[in-house]
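Visitor:
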Amino acid sequence: MPHSFIKLHTTLLTTLLLMLCFTLFIVYQLGTLKPLQEIDWIDCIGEGGITVMTLIWLLATLVMRPKGLVTNLLFFGLSALHISLLLDFLDEFFIFSHHYSWLSSLEAFPAVIGMGIMSVAMYYWSHEQHVLNHLLTKKERFYRTHGLHDFITGLYRADYMKRQIEQELCGLSQSSQCFCVALFDIKGFAHFNLQHGSLRANNLLFDIGQIITLNLRNTDLACRFASDRFIVLLPKTNHLEATYITEQVAKMVAQHTPYDLNQTITGFSQLHCHCVEATNTDTLTTLLFQLNEGLAQQKRALVA
Amino acid sequence: MKQYFDAKAASLNSHDVLLPLVEMAMQRGINNNKLLKGSKLFYTDLQSPHKKVSFEQLNTVINNAILLLPSDGLSFLLGQHWLFNQVSYSGQALLNSKHLMQMSRVIQVKQFALCPFVFFTPYRSHSHTHYVVNFAIALPQPKVTQFYFEMIAAKINALCKWRFNFTQKICIKFPFSPPQHLEQYYAHLGVQYQFDHPCFCISIPNETLTVPQATTTPVMQQYYLQQARTAPNTIGFIQYLCELLIKDPKIGCEEVAQHLRVSPATLKRKLKQHNTTLQTLKDALQKQHAVINIGERGYSNEQTADHLQFSDVTNFRRTFKRWTGMTPTQLRNIMT
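Note that the protein sequences, when read in sequence, are chains D and G. Going by the UniProt record's numbering, the first sequence opens with residue 1, and the numbers climb by one from there. Going by the UniProt record's numbering, the second sequence opens with residue 1, and the numbers climb by one from there.
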């Protein structure tokens, strides 16, 4: 991770290094060192602390973000702020003759400019967030919690869905708003896994997760359930509508053509699907049990 | 007497469980340093073909994996991976056995190569054979224990799906409550399963034990077994003690220490390191015997008490309650 971030932001990191060297050089050239007894050490600790903290924020920003306008703006804003604080800190160790007293009076200016730039960065960041939120429409509902995210499919895990179903069950008992839950299972996934390896199988899971989310309404939510199973919540939907939607999803997945690394077709993928409508007597456990039992029966019937 | 190895001994092949676990976690975006933290292992070392790891190190990594990837079903995937990657002679002997009965014998004979972590004791009742599984090296923490049991369940499930057509008839009884990630059990296990059982037990109908395995060459089994003769065959510390206890249930601490050629104090310290005591092991063995007799074989309390050499039935009932948290009658009710 640190290696890749240095590679990704080489230009910005070089710029930062040059700016810091330039600042230190100017201060060293124009100022003279204070005698040790005149230094206020408590002040040094405080100002040094905030200088180091801004540098950590700066590096953390670069570690976390990809290249782009928002990153550049954040970088220059934070760098300017950092240089101001660095000048303030060095002020404790150097005395400037009256010729160069402008240096001490100007030390706050980079910070002002930096904060201005950061405000612009925040504005564009909010736009960026808006775009990302739109991409996540069918993958999350009402709240965001990265801890429940599934790395392979890019969807949330079953635990997230369980919380959502519990909320819906509450809604059902209070305002009798009906809802359905559907479970999808990839046909012959174990065979695919054996034939093409786990990396290809993981890619297939990702693809199918995407196709499922594409073919849902904006109000629906798709999560990875376990292994090759996906679970979909269809709020304010009766069984008839839900069956139509899930069949549509299964049809779209069946048309998907997975390719392997040599660009050859690796067979098609079909889904088993089973959909149940929640009733007033249901709990989370019974609902999930019904879903899985229904799906298992369907698979058994196919084998027999 | 056989040789034994303990939880700190670097005697397990890293390619069996540890390396696939690390690879799978990495595919899920986990940094290998975080996963190996506390195990004193490095990713590059693991790739060398003869790298051995200890049970303790493996447990540390499994514990990290559970924390970093909660309810991800890695245990089930590892079980499946293990079955489909059996390249050793012992593994080939297993996959070319005539039927399940012969397979269980191959596992007992080639235990170190096939399942060094656990050993099983078969108990036959009129309809089923119950394989009670116990840890062979040390007793891990509850979460890690659950991970191993899930892995074993996945192995059996995958084997039955691949080679037999009676997956549905096998029942696996887990010694814990239904976990948070029950969906993984739904998705991965075609066998039947129950929770809250006093022991980890695999119940297989007697008539299916001799159903021939599909696509095997039984002639080759003997050949592979012969080839595997040179493979090391030692057993874990706990299993070594259990074998002593099965031979002589009344054996005391000093006699056991004599067998191991250590002082009683060293034995006690060693037992503590392995998360157990001699009494715990004695109780566990008697408990599983009692549970099978009452729950599966339909014995009365008197018969079981007599069988386990208890002086009177009241004392047996009280001890049974202490072992399992329920009375013999309650267990009978659960089992029906």
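Where a beta carbon is used, it is the ideal one built from N, C-alpha and C, also for glycine.
For C21/D, which beta-bridge partners are listed by DSSP?
Guide: The partner list for C21/D (beta bridge, DSSP) is empty, contrary to what the question assumes.
Visitor: Between I136/D and chain G, is any beta-carbon pair separated by less than 8 angstroms?
Guide: Strictly speaking, residue 136/D in this sequence is Leu, with Ile absent from that position. By this cut-off, L136/D is not an interface position.
Visitor: Answer yes or no: does any C-beta atom of chain D fall closer than 8 angstroms to that of G73/G?
Guide: Chain D, which has a Cβ nearer than 8 angstroms to the Cβ of G73/G, makes this yes.
Visitor: Using the beta-carbon of each residue, which ones in chain D are nearer than 9 angstroms to H188/G?
Guide: Going along chain D in sequence order, the residues near H188/G (Cβ under 9 angstroms) are A226 and S227.
Visitor: So, using beta-carbon positions, are A154/G and G79/G closer together than 8 angstroms?
Guide: Cβ distance < 8 angstroms, so A154/G and G79/G count as in contact.
Visitor: Starting from N215/D, find everything on chain G with Cβ-Cβ shorter than 7 angstroms and list it in chain order.
Guide: Those do not exist, as N215/D stays about 22 angstroms from chain G at its closest Cβ, beyond 7 angstroms.
Visitor: Bridge partners for F179/D per DSSP, in chain order?
Guide: In DSSP, F179/D forms a bridge with P235/D.
Visitor: Can you check whether the CB of L85/D is closer than 8 angstroms to the CB of T51/D?
Guide: Closer than 8 angstroms, so yes.
Visitor: Should L271/D and I186/D be called a contact, given that it needs their Cβ atoms to be closer than 8 angstroms?
Guide: In this structure, I186/D lies closer than 8 angstroms to L271/D by Cβ.
Visitor: So, is F109/D buried or exposed, given that buried needs 16 or more other C-beta atoms within 10 angstroms?
Guide: Exposed, because fewer than 16 other Cβ atoms sit within 10 Å of the Cβ of F109/D.
Visitor: Alpha carbons only, please: which of F76/G, I62/G and A113/G is nearest the one belonging to V87/G?
Guide: Nearest C-alpha to V87/G: A113/G.
Visitor: Looking at the structure shown, is N96/G part of a helix, part of a strand, or coil, going by DSSP?
Guide: Correct three-state label for N96/G: coil.
Visitor: Report yes if the CB atom of L30/D is closer than 8 angstroms to the CB atom of L103/D, and no otherwise.
Guide: Yes.
Visitor: Is the Cβ-Cβ distance between R141/D and L221/D less than 8 angstroms?
Guide: Yes, these two residues count as a Cβ contact at 8 angstroms.
Visitor: According to a CB-to-CB cut-off of less than 8 angstroms, which residues of the region 155–184 of chain D neighbour chain G?
Guide: Listed in sequence order: R157, A158 and D159.
Visitor: Whose Cβ in chain D lies nearer than 7 angstroms to the Cβ of residue 338/G?
Guide: Outside the displayed range of chain G (1 to 336) lies residue 338/G, so it cannot be described from this structure.
Visitor: Measure the Cβ-Cβ separation of H197/G and K169/G and say whether it is below 8 angstroms.
Guide: Their beta carbons are not under 8 angstroms apart, which means H197/G does not touch K169/G by this criterion.
Visitor: Per DSSP, what kind of secondary structure is E277/D in: helix, strand or coil?
Guide: Reduced to three states, the DSSP call for E277/D is strand.
Visitor: Pop quiz: L69/G and I30/G are said to be a contact at Cβ under 8 angstroms. What is the actual Cβ separation, rounded to whole angstroms?
Guide: With a Cβ gap of about 7 angstroms, L69/G and I30/G count as contacting.
Visitor: Name, in chain order, the residues that DSSP records as bridge partners for H50/G.
Guide: In DSSP, H50/G forms no bridge with anything.
Visitor: If I measure Cβ to Cβ from K110/G and keep anything under 8 angstroms in the same chain, skipping five residues before and after, which residues do I get?
Guide: The answer, listed in chain order, is S90, A93, L94, L225, A228, A231 and N233.
Visitor: Quickly, what does DSSP pair R229/D with across the bridge? List them, please.
Guide: Bridge partners of R229/D: D185/D and A226/D.
Visitor: To test your reading of the DSSP string, which unbroken alpha helix (DSSP H) runs of 4 or more residues are found completely within the region 148–180 of chain D?
Guide: Runs found: 158–175.
Visitor: CA-CA distance, F184/D and K7/D?
Guide: F184/D and K7/D: Cα-Cα distance of roughly 41 angstroms.
Visitor: According to DSSP, simplified to helix, strand and coil, what is I202/G?
Guide: Three-state result, I202/G: strand.
Visitor: Applying a beta-carbon distance threshold of less than 7 angstroms, which residues of chain G neighbour F151/D?
Guide: Simply R28 and G29.
Visitor: What separation, rounded to the nearest whole angstrom, lies between the Cα atoms of E277/D and M161/D?
Guide: One C-alpha to the other measures close to 15 angstroms.
Visitor: Sort S176/D, T219/D and H274/D by Cα distance to T291/D and report the nearest one.
Guide: The amino acid occupying residue 291/D in the given sequence is Leu; Thr does not appear at that position. Among S176/D, T219/D and H274/D, the Cα nearest to that of L291/D is on H274/D.
Visitor: Hey, is N202/D's beta-carbon within less than 8 angstroms of any beta-carbon in chain G?
Guide: Yes, N202/D counts as interfacial toward chain G.
Visitor: Quick one: complete beta strand (DSSP E) runs, 3+ long, within the region 72–153 of chain D?
Guide: 94–96, all fully within the region 72–153 of chain D.
Visitor: Looking only at its own chain, which residues have a Cβ that is under 8 angstroms from the Cβ of I113/D, when we skip the five neighbours before and after it?
Guide: Within the same chain, I113/D has close Cβ partners A80.
Visitor: Using a cut-off of 9 angstroms between C-beta atoms, extract the partners of L199/D located in chain G.
Guide: Simply Q27.
Visitor: Assuming T304/G and L209/G make a contact with CB atoms under 8 angstroms, what is their CB distance in whole Å?
Guide: Contact flag wrong, Cβ pair sits at about 25 angstroms.
Visitor: Tell me which same chain residues have a C-beta within less than 8 angstroms of the C-beta of V211/G, skipping the five on either side of it?
Guide: H99, L100, F164 and F166, listed in sequence order.
Visitor: Q309/G touches chain D at which residues, Cβ-Cβ below 8 angstroms?
Guide: Under the 8 angstroms cutoff, chain D gives no residues; its nearest Cβ is about 43 angstroms from Q309/G.
Visitor: Output yes or no for whether 8 angstroms exceeds the beta carbon distance between N32/G and M24/G.
Guide: No.
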